Each structure stands twice: as C-alpha cells, then as structure tokens.
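Enquirer: Structure in structure tokens, see below.
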Amino acid sequence: MQSTITYNATVAQDRSGNYTSINDAIAAAPENSKSRYYIHAMMLPTTIITGNKSNAEGFKTYDTATMFVGGPGFIAVSLTIENSAPQPNSRQAVALNSIADRSAFYKCVFLGYQDTLYADHNRQFYKECDIYGSVDFIFGSAKAMFQDCNIYARRFPLRM
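Note that full-length UniProt numbering gives residue 3 to position 3 of the sequence shown, counting from 1, and the numbers run on in steps of one.
Encoded structure:
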C-alpha cells in the first residue's frame, strides 16, 4: 500500500510549480507549525543547495551552515548540500547543521572540507548518504545513526 503525499509547495525553475527556488518555498512555510510542511523540488536529476560561508570571514562555526534544520521530524530525500568555501584557509565551513529531533536524511550528499556535517543535537538518522570532508567533518553531540552511508576523506585543493 502506497501513501500519497500532498505537497504544500512545489519548486520548479520552469515556473510550473508554486515557487522557482527552494528558499522561497521554505520562506512560505508557516512559523511554529505543528504539522509537517512538504516541499517537492522538481529540479532533476539532482537538487543542490550550496553556500560558501566560513569562520575565516568572522562567522561562528554554526553560522557557516549552508542549511540549518531545526524542525522536528524533518526529512530530506535525494538532496545535495554543499559548503564551497575556498580551502584550506577558510577553516570551519559547515554544509548541514541539524538540531532537529527525529530528522532523517535519505540518499543525500553532503560536500565540504572542514566540519561538513554538524549533527548538533537530538536524534538524527542518515541512510545511504555520501559525506565528503577533510578535517573533523562529522561532528556534534547528536545521537546520530549512519546506516549504509559512504564517508569520503578528501584533500584540500592545491594552491598554485
């Protein structure tokens, strides 16, 4: 038996959805809602959320996150989250910072160098995800489970 999801927002760059960017769809979500808000991103084959803040620019580590997740029960499927801050001088540059209790990430990719995945608080589940980083790239005080995930150590880019 398969359930049908009713999406609150559909993101499509060709304007066939309600929104043309994920940021706009997230901004439209009701604040302090007790119900789940579903966003369907129609950007095939992959959806990539990218940022480039690092604490070399004066940001605190948690403020460098490309994506912050705080709502309980958050679920992401087939999403790529990247912090592309220039390395190696940028130091901490978080791709994902999650404090969401019972959050789940399925077939997601997390790209960064130092401090890629900040499993900050609460219970988190990662299944069949790819995590790339160079230094301390999975950290935090969450009770996090990683099932069938691939963890890749990567070199800092060479400077000429």
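Each residue gets a CB set at the ideal place from its N, CA and C atoms; glycine is no exception. It should be emphasised that the depicted structure is a prediction, and the values quoted were computed from it without experimental measurement.
1. The ligand PLP and S134: does any heavy atom of the ligand fall closer than 7 Å to the residue's C-beta?
2. Span of the beta strand (DSSP E) holding I5?
3. Could you check if S35 is buried or exposed, using at least 16 other CB atoms within 10 Å of its CB as the buried criterion?
4. Do you know offhand how far Y152's Cα is from Y132's?
5. Which residues share a DSSP beta bridge with D130?
6. Rounding to the nearest angstrom, what Cα-Cα distance links Y19 and K107 in this structure?
7. In whole angstroms, give me the CA-to-CA distance for F125 and A76.
8. Buried or exposed, going by whether 16 or more other CB atoms sit within 10 Å of the CB of M67?
9. What three-state label does DSSP hand T80 in the structure shown?
10. Quick check on A27: does DSSP put it in helix, strand or coil?
11. Beta strand (DSSP E) containing F156: first to last residue?
Expert: The short version:
1. The model depicted lacks the ligand PLP and carries no ligand whatsoever.
2. Residue 5 sits at position 5 when you count from the first residue of the sequence shown. I5 -> no beta strand (DSSP E), and no H or E assigned at all.
3. Locating residue 35 in the sequence shown gives position 35, counting from the first residue. With fewer than 16 Cβ atoms within 10 Å of its Cβ, S35 is classed as exposed.
4. Mapped onto the sequence shown, residue 152 falls at position 152. Mapped onto the sequence shown, residue 132 falls at position 132. Each residue's alpha carbon lies about 5 Å from the other.
5. Indexing the sequence shown from 1 puts residue 130 at position 130. DSSP lists V109, N150 as partners of D130.
6. Here residue 19 refers to the residue found at position 19 when the sequence shown is read from its first residue. Here residue 107 refers to the residue found at position 107 when the sequence shown is read from its first residue. Using only the alpha carbons, I get a separation of about 24 Å.
7. Translated into the one-based positions of the sequence shown, residue 125 becomes position 125. Translated into the one-based positions of the sequence shown, residue 76 becomes position 76. Each residue's alpha carbon lies about 11 Å from the other.
8. Here the question's residue 67 lines up with position 67 in the sequence shown. M67 is buried by the Cβ-count criterion.
9. One-based indexing of the sequence shown puts residue 80 at position 80. Of the three classes helix, strand and coil, the one that applies to T80 here is strand, per DSSP.
10. In the sequence shown, counting from the first residue as 1, residue 27 sits at position 27. Of the three classes helix, strand and coil, the one that applies to A27 here is helix, per DSSP.
11. Within the sequence shown, residue 156 is the residue found at index 156, counting from 1. Here F156 belongs to no beta strand (DSSP E), and DSSP marks it neither H nor E.
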